[in-house]
Amino acid sequence: MAELNDDDLVDYEEDEAAEESKPQDEVKNDFLLKPELLRAVVDCGFEHPSEVQSECIPQAILGMDVLCQAKSGMGKTAVFVLSTLHQLEAKEEAVGALVLCHTRELAFQICNEFERFSRYLPDIKTKVFYGGVPVAEHKRILKSECPHIIVGTPGRVLQLVREKELATKGIKHFILDECDQMLQALDMRRDVQEIFKNTPHEKQVMMFSATLAEEMRTVCKKFMQDPMEIYVDDSKLTLHGLQQHYVKLAENEKNRKLNELLDALEFNQVVVFVKSVQRAIQLDKLLQECNFPSVAIHANMKQEDRIKMYQSFKDFKHRILVSTDIWGRGIDIERVNIVVNYDMPDSPDSYLHRVGRAGRFGTKGLAITFASSDEDAKVLESVQSRFEVSITQLPESIDVSSYMTA
Numbered sequence: 001m002a003e004l005n006d007d008d009l010v011d012y013e014e015d016e017a018a019e020e021s022k023p024q025d026e027v028k029n030d031f032l033l034k035p036e037l038l039r040a041v042v043d044c045g046f047e048h049p050s051e052v053q054s055e056c057i058p059q060a061i062l063g064m065d066v067l068c069q070a071k072s073g074m075g076k077t078a079v080f081v082l083s084t085l086h087q088l089e090a091k092e093e094a095v096g097a098l099v100l101c102h103t104r105e106l107a108f109q110i111c112n113e114f115e116r117f118s119r120y121l122p123d124i125k126t127k128v129f130y131g132g133v134p135v136a137e138h139k140r141i142l143k144s145e146c147p148h149i150i151v152g153t154p155g156r157v158l159q160l161v162r163e164k165e166l167a168t169k170g171i172k173h174f175i176l177d178e179c180d181q182m183l184q185a186l187d188m189r190r191d192v193q194e195i196f197k198n199t200p201h202e203k204q205v206m207m208f209s210a211t212l213a214e215e216m217r218t219v220c221k222k223f224m225q226d227p228m229e230i231y232v233d234d235s236k237l238t239l240h241g242l243q244q245h246y247v248k249l250a251e252n253e254k255n256r257k258l259n260e261l262l263d264a265l266e267f268n269q270v271v272v273f274v275k276s277v278q279r280a281i282q283l284d285k286l287l288q289e290c291n292f293p294s295v296a297i298h299a300n301m302k303q304e305d306r307i308k309m310y311q312s313f314k315d316f317k318h319r320i321l322v323s324t325d326i327w328g329r330g331i332d333i334e335r336v337n338i339v340v341n342y343d344m345p346d347s348p349d350s351y352l353h354r355v356g357r358a359g360r361f362g363t364k365g366l367a368i369t370f371a372s373s374d375e376d377a378k379v380l381e382s383v384q385s386r387f388e389v390s391i392t393q394l395p396e397s398i399d400v401s402s403y404m405t406a
């Protein structure tokens, strides 16, 4: 691995052209997966791999380093989950794979994906470590259960490494999900680098994100040896099944308009993005007072409450989620078919990640953005220019079939 300085398979149809589903034997021949993994893939109803999976998995299962940028909803998680499970040996009583991500919810979700695909590999143990849980509990798990795969946030993982509770000498796979988010912030980058330096020199490194600027690619490659690089042009990053519209209105008109939209539109589940914790709390309260089945997730909640709300929304016990950008990256809830930007995101990248919560897995979706200032208009212009997408004014009526998958 390069020296570092301290400061330095999806269950959907392809978006553009529907392909015929591949028979089980053909998928097996393509990827050479363990029979236990192939069985889990079939059980989950996955029909054929996405373009990203087809390109990455055959190389990843051979231990090659991978740096991948591809649009939201294209199954990047399955690349590192399947390739890691394929290579791990359960007989080795040591942590063999470490997956780092920037939020607790994403760590929880990725752990669930490892458990889902390892259902026929009962000896493989996966655990998730993040802050907000007593560190003594994580120390107990490491002593008594010896997980083969650890998914976690950098702060808690680094604490366990520094205290010599997490043995890193057996790690053969080092993975960063939403790598740009983790390596942009200097404090988090330093944590990641310290963890990285405590792992063996010879290991596989894989990094993934939906957005990856040129300068961030250079930073990522400092962790890697001759990686396989997959980049999708910005103009191809938006989901083709996703309708995108804006509503120009005054700040004090947002509540009324949101109420109208939730009454008029048909939806499975909706995510409403706001710019602050206080706005999330207030808007969630307002929606509940209007008898909308909403729930809020934000950074000021206790960890157990955040995970409880996440699971409740995922289990379809609530149909409307109000959230800050803590929910803007990586989270997969396949029933979500509408995203509302109640507050404009602060950048085109943030916009892309937010609206990518709808229209995942090749399904249809609808994104509606409220624009209430000149600054909001500039962000919308930047989004359209960079991603070569047309965001039009919301029409008076929308055909339900255009954003609801039958």
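Counting in UniProt numbering, the sequence shown runs from 1 upward without gaps.
We put the beta carbon where it would ideally sit given N, CA and C, even for glycine.
Pick from the options: whose alpha carbon is nearest that of residue i?
{"i": "Ala-210", "options": "Glu-36, Val-42, Ser-385 and Thr-77", "result": "Thr-77"}
{"i": "Val-192", "options": "Lys-164, Glu-165 and Gly-155", "result": "Gly-155"}
{"i": "Lys-365", "options": "Ala-371, Val-340 and Phe-387", "result": "The question names Lys, but residue 365 is Gly in the sequence shown. Residue Val-340 is the option with its Cα nearest to Gly-365."}
{"i": "Asp-65", "options": "Phe-174, Leu-98 and Ser-372", "result": "Phe-174"}
{"i": "Gly-75", "options": "Ile-110, Ala-94, Ala-97 and Leu-98", "result": "Ile-110"}
{"i": "Ser-144", "options": "Glu-165, Val-157, Asp-376 and Ser-385", "result": "Glu-165"}
{"i": "Phe-273", "options": "Leu-283, Glu-266 and Gln-204", "result": "Leu-283"}
{"i": "His-298", "options": "Asn-291, Ala-213, Ser-276 and Glu-289", "result": "Ser-276"}
{"i": "Val-336", "options": "Glu-266, Thr-153, Val-133 and Pro-134", "result": "Glu-266"}
{"i": "Pro-122", "options": "Ser-294, Tyr-403, Leu-85 and Gln-244", "result": "Leu-85"}
{"i": "Gly-356", "options": "Gln-288, Arg-189 and Val-271", "result": "Val-271"}
{"i": "Lys-91", "options": "Ile-124, Leu-158, Leu-287 and Pro-345", "result": "Ile-124"}
Considering just the uninterrupted stretch of the beta strand (DSSP E) at residue i, what are its terminal residues?
{"i": "His-86", "result": "His-86 -> not in any beta strand (DSSP E); alpha helix (DSSP H) instead, spanning 76–87."}
{"i": "Phe-387", "result": "No beta strand (DSSP E) contains Phe-387, which is instead part of the alpha helix (DSSP H) from 374–387."}
{"i": "Phe-370", "result": "365–371"}
Considering only residues of the same chain and omitting the five flanking positions on each side of residue i, which have a CB-CB separation below 7 angstroms?
{"i": "Lys-169", "result": "Pro-200"}
{"i": "Ser-83", "result": "Ile-57, Ala-60 and Ile-61"}
{"i": "Ala-167", "result": "Ala-94 and Val-95"}
{"i": "Glu-113", "result": "Thr-77 and Val-81"}
{"i": "Met-309", "result": "Val-295 and Ile-297"}
For residue i, I'd like the list of residues in its chain whose CB is within less than 6 angstroms of its CB, leaving aside the five on either flank, ordered along the chain.
{"i": "Glu-304", "result": "none"}
{"i": "Leu-176", "result": "Leu-100, Met-182 and Met-207"}
{"i": "Lys-22", "result": "Because Lys-22 sits at a pLDDT of 41, beneath the cut-off of 50, its placement in the model cannot be relied upon, and the following sentence gives the value as read from the coordinates. Around Lys-22: His-48."}
{"i": "Asp-349", "result": "Thr-211"}
{"i": "Ala-40", "result": "Phe-117, Arg-119 and Tyr-120"}
{"i": "Tyr-231", "result": "Gln-69"}
{"i": "Met-188", "result": "Pro-154 and Met-182"}
Distance, Cα to Cα, residue i vs residue j?
{"i": "His-148", "j": "Leu-106", "result": "19 angstroms"}
{"i": "Leu-67", "j": "Glu-396", "result": "43 angstroms"}
{"i": "Asp-343", "j": "Arg-319", "result": "20 angstroms"}
{"i": "Val-383", "j": "Glu-251", "result": "21 angstroms"}
{"i": "Gln-393", "j": "Leu-33", "result": "47 angstroms"}
{"i": "Leu-38", "j": "Tyr-120", "result": "10 angstroms"}
{"i": "Glu-51", "j": "Glu-229", "result": "14 angstroms"}
{"i": "Glu-89", "j": "Thr-103", "result": "28 angstroms"}
{"i": "residue 412", "j": "Asp-263", "result": "Past the boundaries of the shown model lies residue 412; the chain is included only from 1 to 406, so the question cannot be answered."}
{"i": "Lys-285", "j": "Gln-311", "result": "20 angstroms"}
{"i": "Gly-45", "j": "Asp-315", "result": "18 angstroms"}
{"i": "Lys-222", "j": "Val-205", "result": "11 angstroms"}
{"i": "Glu-260", "j": "Cys-220", "result": "44 angstroms"}
{"i": "Asp-180", "j": "Met-216", "result": "6 angstroms"}
{"i": "Ser-385", "j": "Asp-374", "result": "17 angstroms"}
{"i": "His-138", "j": "Pro-293", "result": "35 angstroms"}
{"i": "Val-247", "j": "Gln-225", "result": "47 angstroms"}
{"i": "Asn-300", "j": "Ser-323", "result": "11 angstroms"}
{"i": "Ile-195", "j": "Leu-98", "result": "10 angstroms"}
{"i": "Glu-202", "j": "Asp-325", "result": "35 angstroms"}
The alpha helix (DSSP H) with residue i in it runs from where to where?
{"i": "Met-188", "result": "186–197"}
{"i": "Gln-225", "result": "It is not in any alpha helix (DSSP H) - Gln-225 carries neither H nor E in the DSSP assignment."}
{"i": "Asn-112", "result": "104–117"}
{"i": "Ile-141", "result": "135–144"}
{"i": "Ala-40", "result": "35–43"}
{"i": "Lys-254", "result": "254–264"}
{"i": "Lys-308", "result": "303–314"}
State the beta-bridge partners of residue i as determined by DSSP.
{"i": "Thr-392", "result": "His-245"}
{"i": "Asp-177", "result": "Phe-208"}
{"i": "Tyr-231", "result": "Gln-69"}
{"i": "Ser-323", "result": "Phe-273 and Ile-297"}
{"i": "Lys-127", "result": "Ile-150"}
{"i": "Ala-97", "result": "Ile-149 and His-173"}
Residues in its own chain within less than 8 angstroms of residue i by CB, not counting five upstream and five downstream?
{"i": "Leu-249", "result": "Lys-257, Phe-370, Ala-371 and Ser-372"}
{"i": "Asp-43", "result": "Arg-119"}
{"i": "Asp-399", "result": "none"}
{"i": "Leu-160", "result": "Phe-129, Val-135, His-138, Lys-139, Leu-142 and Leu-166"}
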